[in-house]
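In what follows, a single structure is set out as C-alpha cells and then discussed.
Numbering (this note's numbering), first residue to last: 2 to 416.
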C-alpha cells in the first residue's frame, strides 16, 4: 500500500489539516503567541518518497536481519540531484542510492560499514573498525569526496570518491591515529585533533566543520578537509582552549557556549550551529575566524536562554532538542526533534533569519505550530514524524531521517 502524497493529513478525528505558512510580520507574531499559522498561499511541501519499512497507519519495527531497503533508527541523511545517502545508525552502516530512488521502498545500491546488505552490528559485526562503524550520523559530500561522522568510534571517515561497491574501506581517518583505534579523545585528554562523539559534519564557504558533540565544541579547518589526522583546526568555537570540554564552558548558557552541539549549517554570510542540549540554534553573522560570541539565537528569546517547555503547546519560536539543520539559499530547515516536527524559515529573497527569537514561517509534520505529538498521536502516515533526527535540503527537496519511524521521507516543494 502506497502512502498518501498530499499535504492533507489525518488528525485523531479524521479531519484533514494542512501544512501552514505565515505571510507577514503580524502573522508571525500571532503564530509565536498562539501556536497557529495562516496559510497565505505560499509554497507547499508534500511527502513524495518513503524509504524504509512500509507502515501506513502503524509503526513497523525493523526486521532482525537487515535488508538493503529497511532502516533502523536512521540519524543522518544527505541529498543532492542524483545521490542519496542515509546513516542507518541502528544497523551501524551507511546506505547509498546512486540516482534518485525509483519509488517507495527502493533498495540501496551500496552498503558501507558492513560486509553485505544483510549484516549488522558495531565494527562491521565484530570484524573490526577498519571497515566498520558504530552509530554513524552526519554525512556530507564535498568536491566528490564522501565524509561520514562515525560518532561512537569518535572519528571522521573520508572516501576520496563516493563508493560504488559495498564494503569499500575509507581512504582517510580523522580523529584517531589509525583505522583500528576507536577510543574517545584518542584514549586521553581532549585535544585539538581528538573527538568525542562527533555527530555533525559540514563544509561551508570552503571551511570544513565538525560538531564535536561530546567535547561541547565546534571545530573548523580552513581550506576544506585536513589531509592528516594530526592537522589541528584553525577554529575552535564553544571552549576557551583545545583541552576544555565542559558543558557551557562550566557555567550558564551564553552566546559563546554549547551544551550539545549536534549539526552545523550556513552559507558565506552566516554560520548556524544546532545546539541541541540548549534547545536553540546559535548563529554568527559571518564565518568567525576566532572563538567569539554568536549574534543570533533561534528557539530562545535571547542569547542566554536554554530552557524547554515539554508539557506546553509548541510555538513557532521555540525548539526542543533541535538535532539537525540545513539551509539552501534563503530557506532554513530545522529538525525540532522532541517536538516531532520540521520548522522552516523562508526568507523569500531576504536571506536567512537575522533576528534572535524569529519565529518559523512554516511547520511540517504537525497541523499547527502548537501540536507536537509523535505521529500526531494518530498513526504513521507519510506526513507525520516521530523524532526526526537528521535532514538534508537541496533544490526544493527535503530528506528527513525520521528516526523513530525507522524511515527516511523525501519531501518536495510544490508551487
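Glycine included, each C-beta is placed from N, C-alpha and C at the ideal position. Here the structure is a predicted model, which means the values were calculated and not measured.
So for residue i, helix, strand or coil by DSSP?
{"i": "residue 233", "result": "coil"}
{"i": "residue 143", "result": "strand"}
{"i": "residue 63", "result": "coil"}
{"i": "residue 250", "result": "helix"}
{"i": "residue 26", "result": "At residue 26 the pLDDT is 33, less than 50, meaning the model places this residue with poor confidence and gives no usable figure here."}
{"i": "residue 378", "result": "helix"}
{"i": "residue 311", "result": "coil"}
{"i": "residue 152", "result": "helix"}
{"i": "residue 286", "result": "coil"}
{"i": "residue 298", "result": "strand"}
{"i": "residue 193", "result": "coil"}
Looking only at DSSP bridge pairs, what is residue i linked to?
{"i": "residue 395", "result": "398"}
{"i": "residue 47", "result": "413"}
{"i": "residue 218", "result": "213"}
{"i": "residue 266", "result": "273"}
{"i": "residue 335", "result": "326, 344"}
{"i": "residue 137", "result": "151"}
{"i": "residue 203", "result": "210"}
{"i": "residue 389", "result": "403"}
{"i": "residue 224", "result": "In DSSP, residue 224 forms no bridge with anything."}
{"i": "residue 174", "result": "158"}
Please report how far the alpha carbon of residue i lies from the alpha carbon of residue j, in whole angstroms.
{"i": "residue 55", "j": "residue 410", "result": "11 angstroms"}
{"i": "residue 65", "j": "residue 182", "result": "28 angstroms"}
{"i": "residue 241", "j": "residue 292", "result": "8 angstroms"}
{"i": "residue 214", "j": "residue 138", "result": "12 angstroms"}
{"i": "residue 390", "j": "residue 171", "result": "25 angstroms"}
{"i": "residue 321", "j": "residue 281", "result": "8 angstroms"}
{"i": "residue 111", "j": "residue 49", "result": "22 angstroms"}
{"i": "residue 1", "j": "residue 203", "result": "This structure cannot speak to residue 1, because the chain is shown only from 2 to 416."}
{"i": "residue 96", "j": "residue 346", "result": "29 angstroms"}
{"i": "residue 177", "j": "residue 230", "result": "7 angstroms"}
{"i": "residue 193", "j": "residue 239", "result": "13 angstroms"}
{"i": "residue 84", "j": "residue 141", "result": "11 angstroms"}
{"i": "residue 125", "j": "residue 148", "result": "18 angstroms"}
{"i": "residue 402", "j": "residue 232", "result": "32 angstroms"}
{"i": "residue 143", "j": "residue 222", "result": "14 angstroms"}
{"i": "residue 368", "j": "residue 311", "result": "18 angstroms"}
Under a CB-based cut-off of 8 angstroms, is residue i close to chain C?
{"i": "residue 78", "result": "This model lacks chain C altogether, as it is built from one protein chain only."}
Given residue i, which residues of its chain have a CB within under 7 angstroms of its CB, disregarding the five upstream and five downstream residues?
{"i": "residue 80", "result": "393, 395, 398, 400"}
{"i": "residue 7", "result": "Below a pLDDT of 50, predicted positions are generally treated as unreliable, and residue 7, at 31, falls in that range; the measurement from the model is reported next regardless. Cβ neighbours of residue 7 beyond the five flanking positions: 47."}
Can you list, in chain order, the residues of its chain with a C-beta nearer than 6 angstroms to that of residue i? Leave out the 5 residues immediately preceding and following it.
{"i": "residue 288", "result": "206, 272"}
{"i": "residue 92", "result": "67, 73, 121"}
{"i": "residue 304", "result": "256, 298"}
{"i": "residue 208", "result": "221, 223"}
{"i": "residue 89", "result": "72, 75, 96"}
Ordered list of alpha helix (DSSP H) runs contained in the stretch 60–117, each at least 4 residues:
none
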